[in-house]
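Reviewing the structure listed below.
Number of protein chains: 2
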Amino acid sequence: MAAAAAEVPNRRVILKRYVTGFPSEDDMEAVAGATHLVVAPGSTAVVLKNLYLSCDPYMRGRMSKHERPSYVPDIVPGEVIVGFGVSKVVASGHPDLKVGDLVWGLTGWEEYTLVPDARSLFKISHSEMPLSYYTGVLGMPGLTAYVGLCEVAKAKKGDSVFVSAASGAVGQIAGQLAKLTGCYVVGSAGSDEKVNLLKTKFGFDDGFNYKKEQDLNAALRRYFPEGIDIYFENVGGAMLDAALLNMRVHGRIAMCGMISEYNLEQPQGARNLSSLIVKRVRMEGFVVSDYFGEYRRFEEDMVGYLKGGKIAYIEDVAEGLEKAPVALIGLFTGRNVGKQLVAVARE
Amino acid sequence: MAAAAAEVPNRRVILKRYVTGFPSEDDMEAVAGATHLVVAPGSTAVVLKNLYLSCDPYMRGRMSKHERPSYVPDIVPGEVIVGFGVSKVVASGHPDLKVGDLVWGLTGWEEYTLVPDARSLFKISHSEMPLSYYTGVLGMPGLTAYVGLCEVAKAKKGDSVFVSAASGAVGQIAGQLAKLTGCYVVGSAGSDEKVNLLKTKFGFDDGFNYKKEQDLNAALRRYFPEGIDIYFENVGGAMLDAALLNMRVHGRIAMCGMISEYNLEQPQGARNLSSLIVKRVRMEGFVVSDYFGEYRRFEEDMVGYLKGGKIAYIEDVAEGLEKAPVALIGLFTGRNVGKQLVAVARE
Chain A
342 MAAAAAEVPN RRVILKRYVT GFPSEDDMEA VAGATHLVVA PGSTAVVLKN
392 LYLSCDPYMR GRMSKHERPS YVPDIVPGEV IVGFGVSKVV ASGHPDLKVG
442 DLVWGLTGWE EYTLVPDARS LFKISHSEMP LSYYTGVLGM PGLTAYVGLC
492 EVAKAKKGDS VFVSAASGAV GQIAGQLAKL TGCYVVGSAG SDEKVNLLKT
542 KFGFDDGFNY KKEQDLNAAL RRYFPEGIDI YFENVGGAML DAALLNMRVH
592 GRIAMCGMIS EYNLEQPQGA RNLSSLIVKR VRMEGFVVSD YFGEYRRFEE
642 DMVGYLKGGK IAYIEDVAEG LEKAPVALIG LFTGRNVGKQ LVAVARE
Chain B
342 MAAAAAEVPN RRVILKRYVT GFPSEDDMEA VAGATHLVVA PGSTAVVLKN
392 LYLSCDPYMR GRMSKHERPS YVPDIVPGEV IVGFGVSKVV ASGHPDLKVG
442 DLVWGLTGWE EYTLVPDARS LFKISHSEMP LSYYTGVLGM PGLTAYVGLC
492 EVAKAKKGDS VFVSAASGAV GQIAGQLAKL TGCYVVGSAG SDEKVNLLKT
542 KFGFDDGFNY KKEQDLNAAL RRYFPEGIDI YFENVGGAML DAALLNMRVH
592 GRIAMCGMIS EYNLEQPQGA RNLSSLIVKR VRMEGFVVSD YFGEYRRFEE
642 DMVGYLKGGK IAYIEDVAEG LEKAPVALIG LFTGRNVGKQ LVAVARE
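Going line by line, the protein sequences match chains A and B.
Counting in this note's numbering, the first sequence runs from 342 upward without gaps.
Counting in this note's numbering, the second sequence runs from 342 upward without gaps.
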């Protein structure tokens with residue numbers, strides 16, 4: 342039988358239980374499975390062979406039990422972990438996708454994924470680029486940096502920009518785009534090695550290791566004696582509170598993420614919100630999926646920057662699906678240097 | 342001598358010391374003084390006879406010692422307290438102001454005030470209205486409500502609007518303007534009497550006494566089962582945290598004030614800021630002086646609303662300059678019902 346002949350082994354990583362507090366490798370498990378590499382006649386589903394999986398901080402939030410739905414699907418105990426990835430189409434009933442097409446979008450942490458609704462997939466236009474870049478600089482994190490800086494924070498030449506988690510997937514791109522816009526850019530990161538990258542590789546004007554600062558308010562005052570026009574917020578907690586004290590009049594805080602708070606039962610909170618009033622600051626949260634309509638324009642711009650050497654990019658690649666849980670958890674201790682991803686297959 | 346003849350007694354209220362924590366009547370003191378009712382030849386100063394003085398929550402902030410200047414002048418120990426008021430010009434070297442003109446703007450807590458720079462004064466166009474209204478619905482608090490709701494929060498028909506401190510000077514106007522815009526409006530206040538006013542006098546759809554609620558999150562969920570589009574923020578603290586949990590996607594928080602925090606050594610802080618991201622909420626602080634250029638348009642609109650019976654207004658008048666300290670302090674315990682002001686003279 343044709344269908345039986347097309348059944349192949351399919352290793353997958355499942356969530357074992359809802360996570361509370363800090364996630365551990367033991368919350369996830371690699372298990373054996375099998376899948377068919379064909380789609381039913383009349384279906385518009387596609388089957389993907391996963392090449393690269395993306396480890397992103399927002400995934401932690403999806404591993405907790407929620408009362409209300411969010412903008413991304415929950416990850417459910419006993420089921421495969423869902424996240425962004427780069428994949429090759431190996432079977433398709435969808436008119437716009439054919440076998441062999443390369444795509445990025447929501448997929449499963451497994452070797453092969455059946456995607457019932459291909460609308461969440463983007464075809465990769467530039468397969469001459471390293472395909473793994475579509476988990477980062479050319480994918481969701483890159484677009485996040487782009488819209489956060491340009492559309493939410495409305496960066497313009499001469500702005501003083503502070504980026505936290507600045508060597509991460511989003512931060513490194515946000516900072517470089519700010520430099521290209523003509524801004525003064527300082528980033529924070531959690532190791533001297535990362536801070537060095539900011540200054541030598543990514544062209545930031547300056548950077549500091551937040552773990553070495555006794556007083557984050559004083560640190561920001563040192564780097565921004567005239568204040569901050571734009572805070573590209575990736576971490577929350579004490580850094581947000583310090584940034585609030587250092588904002589300039591009519592400053593903007595683009596709220597991209599708050600990784601320091603994702604594993605806390607009770608968030609630390611921000612005490613200096615009255616700065617928003619005194620300095621007339623706009624603090625705005627955003628979610629990249631609201632901007633997916635701008636992806637093609639972004640992709641062309643970013644491919645141009647990469648080919649022209651105007652944007653540098655660093656990724657941290659874990660080899661093999663089994664490494665995915667450890668790689669994901671490493672985001673929350675800052676183990677990764679650059680964009681964390683997992684290579685499952687190289688075509 | 343003419344100058345000596347023009348010298349008159351001038352009682353004044355001074356700040357005795359910088360305030361820390363909750364202010365007390367004893368932080369201020371009424372003292373005797375004298376002033377000249379003439380301006381020097383060639384000067385563009387004006388001398389005002391003060392009729393009504395405004396008690397506003399922002400003034401508390403100006404009574405503390407500050408490292409950095411703010412958008413309003415500090416109030417300095419040993420000197421007269423500065424605030425908004427309604428006054429009559431009794432001497433003028435300024436080409437645009439003549440004796441007998443009625444004005445509102447920054448003045449002193451005293452019977453007569455010499456204003457060196459008359460640019461901070463607005464001539465009163467509608468002296469047929471109760472003059473005290475120019476400390477509230479037709480003055481700074483009214484304009485605050487107007488720009489906060491229309492320009493910062495961008496209220497539109499059908500929005501669900503929550504106003505805290507809703508019977509206060511700004512809240513009562515913000516809520517009524519939202520009703521005129523076609524919004525669903527619920528307010529919170531600190532007594533059943535005030536909540537009753539919201540519903541019977543100001544036409545709010547509903548209101549609640551926050552002091553009687555065990556769980557502010559549950560209270561807001563009860564009044565806004567579909568969530569809040571606009572939070573007009575006057576109080577900060579626990580109410581802000583509850584509102585954050587109840588915002589709708591693309592909601593707006595107009596940060597007008599945080600009266601619950603003004604007397605705290607350490608602000609309570611907001612723990613639910615990740616809602617800004619999940620719900621793509623814009624939280625924006627504003628300061629009314631940035632919008633003084635819109636005052637004339639506002640004044641005409643609001644006079645029309647008042648004359649047409651479309652906006653109701655309640656004020657709480659303390660009689661006599663000596664009552665000003667107690668009246669100001671009462672704002673922070675919620676003793677006032679409606680806009681708190683002090684009548685110094687009635688012309």
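Ideal Cβ positions, reconstructed from N, Cα and C, are used throughout, including at glycine.
field: Cα-Cα separation, Val-685(B) to Asp-397(B)
entry: Your numbering for residue 685(B) matches position 344 in the second sequence. Your numbering for residue 397(B) matches position 56 in the second sequence. Approximately 16 Å, taken between the alpha carbons.
field: 7 Å CB neighbourhood of Lys-651(A) in its chain, flanking five on each side removed
entry: Translated into the one-based positions of the first sequence, residue 651(A) becomes position 310. Closer than 7 Å at the Cβ level, and outside the excluded window around Lys-651(A), lie Leu-521.
query: Which of helix, strand or coil does DSSP assign to Ser-505(B)?
result: Residue numbering aside, residue 505(B) sits at position 164 when the second sequence is read from its first letter. Ser-505(B) falls in the coil class under three-state DSSP.
message: Tell me the residue span of the beta strand (DSSP E) that contains Glu-641(A).
response: Start at 1 with the first residue of the first sequence, and residue 641(A) comes out as number 300. Glu-641(A) -> not in any beta strand (DSSP E); alpha helix (DSSP H) instead, spanning 636-648.
message: On the DSSP letters alone, give me the boundaries of the alpha helix (DSSP H) that Met-580(B) sits inside.
response: Residue 580(B) sits at position 239 when you count from the first residue of the second sequence. That run of the alpha helix (DSSP H) goes 578-586.
task: Return no unless some Cβ of chain B is closer than 8 Å to the Cβ of Gly-568(A).
output: On the first sequence, position 227 is the one that residue 568(A) refers to. It does not; no Cβ of chain B falls within 8 Å.
- request: Could you give the DSSP three-state label for Tyr-399(A): helix, strand or coil?
  value: Residue numbering aside, residue 399(A) sits at position 58 when the first sequence is read from its first letter. DSSP places Tyr-399(A) in helix when its eight states are reduced to three.
query: Which residue comes first and which comes last in the alpha helix (DSSP H) that contains Tyr-487(A)?
result: Looking up residue 487(A) in the first sequence gives position 146. Residues 481-488.
message: Less than 8 Å between CB atoms is the rule here; does Ile-618(A) satisfy it with respect to chain B?
response: Start at 1 with the first residue of the first sequence, and residue 618(A) comes out as number 277. So yes, Ile-618(A) belongs to the interface.
- request: Given a cut-off of 8 Å, decide if Trp-445(A) and Ile-422(A) are closer than it, judged by their beta-carbon atoms.
  value: As a working note, residue 422(A) is residue 81 in the first sequence. As a working note, residue 445(A) is residue 104 in the first sequence. Contact flag unset, no.
- request: Kindly indicate the opening and closing residues of the beta strand (DSSP E) around Asp-657(B).
  value: For the purposes of this step, residue 657(B) is taken as residue 316 along the second sequence, with counting starting at 1. Here the beta strand (DSSP E) through Asp-657(B) covers 656-660.
field: Per DSSP, the bridge partner or partners of His-377(A)
entry: For this step, residue 377(A) is matched to residue 36 along the first sequence. Glu-348(A).
- request: Taking Glu-378(B) and Ala-347(B) to be in contact with their CB atoms under 8 Å, please state how far apart those CB atoms are, rounded to whole angstroms.
  value: Locating residue 378(B) in the second sequence gives position 37, counting from the first residue. Locating residue 347(B) in the second sequence gives position 6, counting from the first residue. Note on residue identity: the sequence assigns Leu, not Glu, to residue 378(B). At roughly 4 Å, the Cβ-Cβ gap stays under 8 Å, so Leu-378(B) and Ala-347(B) are in contact.
message: Any heavy atom of the ligand HEM inside 7 Å of the beta-carbon of Gly-578(A)?
response: No copy of the ligand HEM occurs in the structure displayed, which carries no ligand at all.
- request: Would you list, in chain order, the members of the region 344-368 of chain B that have their beta-carbon closer than 9 Å to a beta-carbon of chain A?
  value: none
- prompt: Going along chain A in order, which residues have a C-beta closer than 7 Å to the C-beta of Gln-607(B)?
  reply: Numbered from 1 along the second sequence, position 266 holds the residue referred to as residue 607(B). The contacting residues are Arg-612.
- request: Go to Leu-518(B), then tell me how far its alpha helix (DSSP H) extends in each direction, as first and last residue.
  value: Within the second sequence, the letter at position 177 stands for residue 518(B). Counting along the chain, the alpha helix (DSSP H) containing Leu-518(B) begins and ends at 510-522.
message: What does the alpha-carbon distance come out to for the pair Gly-641(A) and Tyr-654(A)?
response: For the purposes of this step, residue 641(A) is taken as residue 300 along the first sequence, with counting starting at 1. For the purposes of this step, residue 654(A) is taken as residue 313 along the first sequence, with counting starting at 1. Correcting the residue identity first, residue 641(A) is Glu in this sequence and not Gly. If you take the alpha carbons of Glu-641(A) and Tyr-654(A), they lie about 16 Å apart.
- request: Specify the secondary structure class of Glu-370(A) as computed by DSSP and reduced to three states.
  value: On the first sequence, position 29 is the one that residue 370(A) refers to. Three-state DSSP puts Glu-370(A) in a strand.
- prompt: At a CB-CB cut-off below 7 Å, which residues of chain A make contact with Arg-623(B)?
  reply: Counting from 1 along the second sequence, the entry for residue 623(B) is found at position 282. Those are Arg-623, Glu-625, listed as they occur along chain A.
message: Does chain B have any CB closer than 8 Å to the CB of Ser-405(A)?
response: Indexing the first sequence from 1 puts residue 405(A) at position 64. Ser-405(A) does not count as touching chain B.
task: Using 10 angstroms around the beta-carbon of Thr-485(A), count the other beta-carbons present and answer buried if the total reaches 16, otherwise exposed.
output: The residue given as residue 485(A) occupies position 144 in the first sequence. Result: buried.
query: Closest Cβ-Cβ distance between Val-504(A) and chain B: below 8 Å?
result: The residue given as residue 504(A) occupies position 163 in the first sequence. By this cut-off, Val-504(A) is not an interface position.
Residues of its chain near Ala-344(A), where Cβ-Cβ distance is below 7 Å and the 5 sequence neighbours each way are ignored: Here residue 344(A) corresponds to residue number 3 of the first sequence, with the count starting at 1. At Ala-344(A), the pLDDT of 46 sits below 50, so the modelled position is not reliable and the matter cannot be decided from this model.
task: Would you mind sorting Ala-559(B) into buried or exposed? The rule is 16 or more other CB atoms within 10 Å of its CB.
output: Walking along the second sequence from the start, residue 559(B) turns up at place 218. With fewer than 16 other Cβ atoms within 10 Å, it is exposed.
task: For Ala-611(B), write down the residues that DSSP places opposite it in a beta bridge.
output: Stepping through the second sequence from its first residue, residue 611(B) is reached at position 270. Answer is Ala-611(A).
task: Spell out the partners DSSP gives Leu-604(A) in its beta bridges.
output: The residue labelled residue 604(A) in the question sits at position 263 within the first sequence. As written in the sequence, residue 604(A) is Asn, which differs from the Leu given in the question. In the DSSP output, where bridge partners are listed per residue, Asn-604(A) has none listed.
- prompt: What are the boundary residues of the beta strand (DSSP E) that includes Ile-355(B)?
  reply: In the second sequence, residue 355(B) corresponds to position 14, counting from 1. Ile-355(B) -> beta strand (DSSP E) spans 353-356.
field: Own chain partners of Lys-498(A) with C-beta closer than 8 Å, once the 5 adjacent residues on each side are dropped
entry: Translated into the one-based positions of the first sequence, residue 498(A) becomes position 157. Hits under 8 Å: Thr-522, Gly-523, Cys-524.
task: Go through its chain and collect everything with a Cβ distance to Arg-589(A)'s Cβ below 8 Å, but skip five positions before and after it.
output: As a position in the first sequence, residue 589(A) is number 248, starting the count at 1. Correct list, in chain order: Ser-501, Glu-567, Gly-568, Ile-569, Asp-570, Lys-620.
- prompt: Using CA coordinates, which residue listed in Tyr-453(A), Val-456(A), Phe-573(A), Gly-449(A) is at the minimum distance from Ala-704(A)?
  reply: Nothing can be reported for residue 704(A), as the shown portion of chain A is limited to 342 through 688.
Cβ of Asp-442(A) within 8 Å of any chain B Cβ: Taking the first residue of the first sequence as position 1, residue 442(A) is located at position 101. Judged by the 8 Å Cβ criterion, Asp-442(A) is not in contact with chain B.
message: So, for Val-430(A): in the same chain, excluding its five sequence neighbours on each side, which residues have a beta-carbon less than 7 Å away from its beta-carbon?
response: In the first sequence, the residue the question calls residue 430(A) occupies position 89. The residues are Val-387, Leu-389, Leu-438, Lys-439, Val-440, Gly-441, Asp-442, Val-444.
message: The beta strand (DSSP E) that contains Lys-680(B), what's its start and end?
response: Locating residue 680(B) in the second sequence gives position 339, where the first residue counts as 1. That run of the beta strand (DSSP E) goes 680-684.
task: Given a cut-off of 8 Å, decide if Ser-428(A) and Thr-361(A) are closer than it, judged by their beta-carbon atoms.
output: Counted from its first residue, the first sequence places residue 361(A) at position 20. Counted from its first residue, the first sequence places residue 428(A) at position 87. Result no, Cβ atoms of Thr-361(A) and Ser-428(A) do not sit closer than 8 Å.
field: Contacts around Lys-535(A), its chain only, beta-carbon distance under 7 Å, and the 5 residues preceding and following it disregarded
entry: The residue you call residue 535(A) lines up with position 194 of the first sequence. Excluding residues within five positions, the ones whose Cβ falls inside 7 Å are Ser-508, Val-678.
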